[in-house]
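Numbering (the working numbering), first residue to last: 156 to 678.
Glycine is no exception: its CB is placed at the ideal position from the N, C-alpha and C atoms.
Rendered as structure tokens:
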């Protein structure tokens with residue numbers, strides 16, 4: 156008996172842990188008695204046999220467990236809920252939703268049948284449509300109409316003329332759409348009947364029409380889809396349905412808005428070049444900014460699911476880079492011999508615009524992972540760097556943002572170039588960046604000071620240690636002189652310090668030689 160009780164106790168404990176039984180909790184209930192013994196005593200005291208006067212009932216004596224003395228009982232806390240309770244509630248909720256859905260479906264189908272052209276006529280075919288969930292709709296229709304409109308029904312009903320038929324279509328995805336398709340067979344103007352319907356509804360009718368070979372229904376659905384606008388989600392569904400139903404030939408008109416002649420890379424390059432050039436040369440500042448944002452977003456879109464996608468080519472981007480560089484050199488050349496009578500504001504605007512154009516193209520190059528060649532191209536702009544040093548900072552600081560942009564990309568590993576190219580970049584453009592940093596930080600809210608400093612630090616630390624030392628010692632002197640107007644790359648300085656003085660690494664000459672020992676293997 157003890158072993159059996161222990162086993163039951165373990166089973167109950169397991170069910171409690173799994174959530175099927177709530178944990179008993181001690182609570183006090185003033186309105187309930189605690190034991191059956193007290194109940195039995197009360198029953199015995201007030202039974203008719205024990206009462207001395209059976210005609211009158213006196214008030215019962217106070218219970219040993221009165222309201223003033225709370226009884227200790229085992230009750231469930233008011234908010235305690237077992238896993239079983241929660242599962243039951245969820246099932247009940249889903250059942251109510253299913254019933255509500257079924258009721259709405261019945262109402263819609265009833266309305267369809269009440270308005271159907273065949274509602275008052277005596278039909279010779281009893282057509283039943285049964286859904287996968289068991290929902291059934293039966294209607295009396297006419298064999299002549301079914302056979303005339305549908306090649307499927309014409310084949311099935313061609314025998315036994317003059318005999319009433321009973322036809323059942325079972326396991327339907329959507330009973331309502333099947334009923335709607337039958338109603339369409341009686342309509343003279345299908346286009347008007349479909350007017351105002353949702354694309355998803357018409358796709359369902361197209362699927363049913365194709366299944367029962369209702370040619371007029373297929374044509375009307377396709378004409379409707381060709382006419383109405385689509386959302387992007389609807390576009391994908393339409394293409395998928397036409398492919399699934401093998402209607403690409405008959406649906407060619409529908410797909411004209413999404414299909415084109417086979418494109419070549421040359422033809423697409425012409426389009427991309429026109430679009431990008433248009434943005435670079437735009438006259439309206441606001442429109443230019445909006446189109447830059449739009450084109451950038453479209454070029455960044457994930458193309459992993461579109462293997463045959465035509466993207467902007469590297470040649471187009473570098474063609475634009477060279478064009479922007481030529482314009483930039485021309486602007487700076489004019490700025491070095493500027494006449495006092497010339498509008499300085501207009502000149503500053505031209506330089507800033509050309510620098511901004513270059514930054515935009517570099518962003519695209521980095522995004523497309525083809526920016527390595529531009530690093531070398533920018534590092535080789537000695538003439539531009541000389542012109543840069545001859546004009547006031549107020550005009551030129553936007554150019555140094557290109558250098559910062561490249562250092563950020565190199566520091567993040569988004570551009571991979573040899574150490575010679577990295578050092579050449581800094582040799583040409585680091586001093587101009589130092590000179591312009593204060594203006595960059597103050598004049599443009601879009602410049603992230605910390606991002607630039609981190610990118611510059613990481614780029615310097617990728618160089619050989621002697622080059623790091625030369626660059627960082629020069630920075631040390633400049634920072635002490637300029638303060639916040641110089642990039643704060645203390646982190647790079649700390650790393651270099653530890654590499655140079657604390658964790659000195661000396662390559663072992665012998666460790667690079669691979670040693671091979673040959674010995675005989677004994678069988």
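Original post:
Would DSSP call residue 369 helix, strand or coil?
Top reply: strand
**OP:** Determine which residues share a DSSP beta bridge with residue 409 and list them.
**Re:** The partner list for residue 409 (beta bridge, DSSP) is empty, contrary to what the question assumes.
Subject >> Buried/exposed call for residue 564, threshold 16 Cβ in 10 Å >> reply: buried
Original post:
By a C-beta neighbour count over all protein chains shown, 10 Å radius and 16 as the cutoff for buried, is residue 578 buried or exposed?
Top reply: buried
**OP:** Name, in chain order, the residues that DSSP records as bridge partners for residue 282.
**Re:** 294 and 322
Original post:
Is there contact here, the segment 594-610 with the segment 620-627, by at least three beta-carbon pairs under 8 Å?
Top reply: no
Original post:
Under 8 Å between the Cβ atoms of residue 475 and residue 516?
Top reply: yes
**OP:** Over the uninterrupted alpha helix (DSSP H) stretch that includes residue 333, give me the two end residues.
**Re:** 330-340
**OP:** Please determine if the segment 514-532 and the segment 481-488 are in contact, where contact requires at least 3 C-beta pairs separated by less than 8 Å.
**Re:** no
**OP:** Return the residue from the list 390, 306, 573 and 512 that minimises the CA-CA distance to residue 370.
**Re:** 306
Original post:
Helix, strand or coil for residue 641 per DSSP?
Top reply: coil
Original post:
residue 492 by DSSP, collapsed to three states: which one?
Top reply: coil
**OP:** Would you tell me roughly how many angstroms separate the C-alpha atoms of residue 556 and residue 373, rounded to the nearest one?
**Re:** 59 Å
**OP:** Under 7 Å Cβ to Cβ from residue 520, same chain only, skipping five residues before and after it: list those, please.
**Re:** 472, 526 and 529
Original post:
What is the residue span of the alpha helix (DSSP H) that residue 576 lies within?
Top reply: 574-598
Original post:
Does the distance from the CB of residue 329 to the CB of residue 289 come in under 8 Å?
Top reply: no
Original post:
Are there 16 or more other CB atoms within 10 angstroms of the CB of residue 186, so buried, or fewer, so exposed?
Top reply: Because residue 186 carries a pLDDT of 38, less than 50, the predicted location of this residue cannot be relied on, and no value is offered for it.
Original post:
Is the CB-CB distance between residue 312 and residue 294 below 8 Å?
Top reply: no
Original post:
Which first and last residues belong to the alpha helix (DSSP H) in which residue 560 is found?
Top reply: 548-566
Subject >> Inter-residue spacing [alpha-carbon to alpha-carbon] between residue 404 and residue 614 >> reply: 57 Å
Original post:
What number of angstroms, rounded off, separates the C-alpha of residue 333 from the C-alpha of residue 387?
Top reply: 27 Å
Original post:
Using DSSP with H/G/I as helix, E/B as strand and the rest coil, what is residue 305?
Top reply: strand
Original post:
With C-beta atoms as the reference, is residue 376 less than 8 Å away from residue 361?
Top reply: yes
Original post:
Comparing alpha-carbon positions, which option in 539, 617 and 604 lies nearest residue 587?
Top reply: 539
Subject >> Closest by C-alpha distance to residue 325, when choosing among 576, 568 and 287 >> reply: 287
Subject >> Nearest residue (CA-CA) to residue 491, options 547, 455, 523 and 447 >> reply: 547
Original post:
Nearest to residue 412 by alpha carbon, out of 425, 394, 401 and 398?
Top reply: 394
Original post:
How big is the Cα-Cα spacing for residue 513 and residue 601?
Top reply: 16 Å
Original post:
Taking the alpha carbon of residue 321 as the point to measure from, which residue in 629, 604 and 301 has its own alpha carbon closest?
Top reply: 301
**OP:** Report the rounded CA-to-CA distance for residue 651 versus residue 610, giving the unit in angstroms.
**Re:** 15 Å
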